[in-house]
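Engineer: Per our numbering, the very first residue in the sequence shown carries number 6; after that it's consecutive. For glycine and all other residues, C-beta sits at the position ideal for the given N, C-alpha and C. Remember, predicted model here, so these are calculated numbers, not experimental data.
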Amino acid sequence: MWILAALSGHAVPLLCGLLCVYMVSRSLVYAKLRRFGGPVWTGFTDWPHSMAMLQNNCHEWYAGISEKYGPIARVAPEVLVTSSPEVWMHVCSKPGYKRSDWFYNACRIEHRRDNIFSQTDNGKHERRRKQMAPGYSGRENLDFELSIDLRVQEFIGLIRSKYLSSDGQVVPMDLGQKVQYFTLDVISAVGLGKTFGMLRSDSDVDDYLKSSQEGLSMGNAALAMGFSGLAHTPLIGRFIAPSPTDNSGFGKMMAACFRYVDERAANPTDKRSDMLASFIRHGLSGDELRSEVLEQIIAGSDTTASAICGTLLHVMTNPRVYAKLQREVDDAVRDSGAPRAREGLIATTQVKQLPYLQAVVREGLRVWPPVASIFPRDVPPGGDTVVVDGEDVFLPGGVCVGYSAYAMHHSEAVYGADAKAFRPERWFESDPGKLAAMVRTNDLIFGHAKSQCLGKSVAQVEIRKAVFEVCGPCPPRRYHLAERPQLLRNFDMALINPTHPWEAHNCLGLFAISNMWVQVMERKPLEILV
């Protein structure tokens, strides 16, 4: 009690002293990044950044700051973002940078256990990539394309059986939900050798989708409010972090996923060739195996679904592009550049021969980057010098620099004055140097160097096949003799509410897309008389 009495007599001086210490420490932090522009309060507090995360639109907030304050700007006292492709490639490839603990630890799913995405130790991350890369590459997953084809067929079948509209009735379909079913079935097929069966049942089996979205939402809120570290403290973390015994969120998803993995791991004579088998062959087992498969399902489904929905949204709302893409698809089938519907699905090698489809997909990924995370990297302790617009810029040690996806991929300096518009024709740029810069920047959507997404090849095949086949050529009808049929696409899709096409919420850089209601009409072949 005497201590409290003594302190009470000096309360005001003590509070003033603490305030001075705080102000001095904040001023020192501010001084470290004083040469970089940014909203004034971002130099002293994390709250502007936190509010953007809580509002699920931090990608737009980063872009606005980048456009106003330049290619490297401040978004928090010790956090910078860059919209410069050259700076970001430098950061991702130069030794000495490492993933920032404050962000990636918050992306852990399990208590104090890292997966390949959340691992911040460069050496451990590299070793894990080497174990997992063969499974993603396709070299050890011989049925990789066939698995995707089967899911595409189920997707088309689901639409035909339940969601076709007609002149007399509109049957609304939530395209965002169905695409998520498709990508979850694909990643479970190529990853686990067994689909979740969402397309066949037209339902969220085991609440995977619901649980993933709940988990991402809770993780995003915890990071924004500064509570995410509690889930990984030794004593109380076990009671806060997701657990397979939970009835909702990531915990429920973990239980179902771990059950699949354990079934396969318990059968060493299983000869299936898929990602899980490859991971096991390359030394993953037990908790490590479960963690990586869980991360693969969450990241591999959400990102690809966002890419497909984003691309289809911009095609549907651009009649000129829609018609031009239809013509290329129809011409490819007519000229045997792609199989007729009854002959099977288009092969990856054939998709690569369709230049406008390739341009549409590139442009869709550019206008709507499917992952809009900051992906922060810690600057080496001694600092580093980067080049911005021909000038050297010093980045001090002890801070981190992240990625402003929207600003970078909507950059007028890279893509031209209409960079915010959806125009696939830009990818036929005649200037080789400009085209190379655009491609190089666009490829950063999948990361760079040792941070490049392992699932890039899987995602690209999924996206291209979905855009082609879901809207592909329909089965031919009987025609008059000497007639040459005009092959049209399977479906016409139109938004039910063009003024509010979807709800898209950014949680930890991944988009949760819902209420993307469309009406789908089956296109009929035209009869052309001689």
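Please give me, in chain order, every unbroken run of the alpha helix (DSSP H) with length at least 4 that falls completely inside the region 192-217.
Structural biologist: If we require 4 residues or more, the alpha helix (DSSP H) runs fully inside the region 192-217 come out as 203-206.
Engineer: For K129, tell me which candidate among E293, R79, K425 has the shortest Cα-Cα distance.
Structural biologist: The shortest C-alpha separation from K129 is found at E293.
Engineer: Looking only at its own chain, which residues have a Cβ that is under 8 Å from the Cβ of L440, when we skip the five neighbours before and after it?
Structural biologist: Same-chain partners within the cutoff: W432, E434.
Engineer: Under the three-state reduction of DSSP, which class applies to Y102: helix, strand or coil?
Structural biologist: If DSSP states are grouped into helix, strand and coil, Y102 belongs with coil.
Engineer: Looking at C-beta atoms only, is the number of pairs between the region 98-106 and the region 416-429 that lie closer than 8 Å three or more?
Structural biologist: Because the criterion of three Cβ pairs below 8 Å is not met, the region 98-106 and the region 416-429 do not touch.
Engineer: Does the distance from the C-beta atom of V566 to that of I379 stay below 9 Å?
Structural biologist: Because the chain here runs from 6 to 535, residue 566 falls outside it and cannot be looked at.
Engineer: Take K257 and list the residues in its own chain whose beta-carbon comes closer than 7 Å to its own, dropping the five residues that flank it on each side.
Structural biologist: So the qualifying residues of the chain are D212, S216, D251.
Engineer: Along the chain, where does the beta strand (DSSP E) containing A509 start, and where does it finish?
Structural biologist: First-last of the beta strand (DSSP E) with A509: 508-512.
Engineer: Assign L317 to one of three DSSP states: helix, strand, or coil.
Structural biologist: The answer is helix: DSSP assigns L317 an H, G or I state.
Engineer: How many angstroms separate the CA atom of H505 from the CA atom of E268?
Structural biologist: Taking the straight line from one Cα to the other gives about 43 Å.
Engineer: Determine the extent of the beta strand (DSSP E) in which C405 is found, giving its start and end residues.
Structural biologist: Per DSSP, C405 belongs to the beta strand (DSSP E) from 405-408.
Engineer: Could you tell me how far apart the beta carbons of N110 and L513 are, in whole angstroms, since I believe they sit closer than 8 Å?
Structural biologist: Not quite, the Cβ-Cβ distance comes to about 12 Å (not below 8 Å), so this is no contact.
Engineer: Do T353 and K425 come within 9 Å of each other at the CB atom, strictly closer than that value?
Structural biologist: No, these two residues do not count as a Cβ contact at 9 Å.
Engineer: With DSSP as the reference, please indicate the residues paired to S519 in a beta bridge.
Structural biologist: E508.
Engineer: Please confirm whether T308 and C112 have their CB atoms less than 9 Å apart.
Structural biologist: No, the Cβ-Cβ distance between T308 and C112 is not below 9 Å.
Engineer: Out of V392, C405, S233, which has the shortest C-alpha to C-alpha gap to K37?
Structural biologist: Ranking the options by Cα distance to K37, first place goes to C405.
Engineer: Pick from C314, H64, F201: whose alpha carbon is nearest that of V523?
Structural biologist: Closest option to V523, Cα to Cα, is C314.
Engineer: Based on Cα-Cα distance, which residue from R325, V472, Q301, R382 lies nearest to Q363?
Structural biologist: Nearest option by C-alpha distance: V472.
Engineer: Does DSSP classify C479 as helix, strand or coil?
Structural biologist: Only weak support is given to the placement of C479: the predicted model assigns it a pLDDT of 42, under 50, and the value that follows is read from those uncertain coordinates. Coil.
Engineer: Let me check understanding here. Comparing Cα to Cα, which of Y408, Q465, V376, E368 lies closest to D423?
Structural biologist: For D423, the nearest C-alpha among the options comes from E368.
Engineer: Tell me which residues share the same chain as L155 and place their Cβ nearer than 8 Å to its Cβ, disregarding the 5 neighbours each side in the sequence.
Structural biologist: Closer than 8 Å at Cβ, skipping near neighbours: A194.
Engineer: Strictly by DSSP, which residues pair up with R118?
Structural biologist: BP columns for R118 point to E115.
Engineer: What does the alpha-carbon distance come out to for the pair S123 and L221?
Structural biologist: When rounded, the distance between both Cα atoms is 14 Å.
Engineer: Which residues mark the beginning and the end of the alpha helix (DSSP H) in which L330 is found?
Structural biologist: Per DSSP, L330 belongs to the alpha helix (DSSP H) from 324-339.
Engineer: As an exercise, report each continuous beta strand (DSSP E) stretch of at least 3 residues that is fully enclosed by the region 57-112, in chain order.
Structural biologist: Runs of the beta strand (DSSP E) inside the region 57-112: 77-81, 84-87.
Engineer: In whole angstroms, what separates the C-alpha of R332 from that of L318?
Structural biologist: Each residue's alpha carbon lies about 19 Å from the other.
Engineer: Tell me which same chain residues have a C-beta within less than 8 Å of the C-beta of R382, skipping the five on either side of it?
Structural biologist: Closer than 8 Å at the Cβ level, and outside the excluded window around R382, lie V96, C97, Y102, K103, R104, S105, C405, V406, G407.
Engineer: Which residue wins for smallest C-alpha separation from K55, given the options D119, G69, T125, A227?
Structural biologist: It should be noted that the sequence gives Ser, not Lys, for residue 55. The candidate whose alpha carbon is nearest that of S55 is A227.
Engineer: As a quick exercise: from V45, E115, N511, R79, pick the residue whose alpha carbon is nearest that of L235.
Structural biologist: Minimum Cα distance to L235 is reached at E115.
Engineer: Would the beta-carbon of G196 fall within 9 Å of that of Q301?
Structural biologist: Yes, these two residues count as a Cβ contact at 9 Å.
Engineer: Just mark W66 as buried or exposed, buried being the case when its beta carbon has 16 or more other beta carbons within 10 Å.
Structural biologist: Burial call: buried.
Engineer: By alpha-carbon positions, which one of W507, M521, E527, T390 ends up nearest to V92?
Structural biologist: Closest by alpha carbon: T390.
Engineer: Given S456, which residues of its chain have a CB within under 7 Å of its CB, disregarding the five upstream and five downstream residues?
Structural biologist: The answer, listed in chain order, is C97.
Engineer: Around the Cβ of K167, are there at least 16 other Cβ atoms within 10 angstroms (buried) or fewer (exposed)?
Structural biologist: Exposed is the call here.
Engineer: If you draw a straight line from the C-alpha of M570 to the C-alpha of R165, how long is it?
Structural biologist: Past the edges of the chain, shown from 6 to 535, lies residue 570, and the structure says nothing about it.
Engineer: Going by alpha carbons, who is nearest to S88 out of N511, H64, W52, A310?
Structural biologist: Of the candidates N511, H64, W52, A310, the one whose C-alpha sits nearest the C-alpha of S88 is H64.
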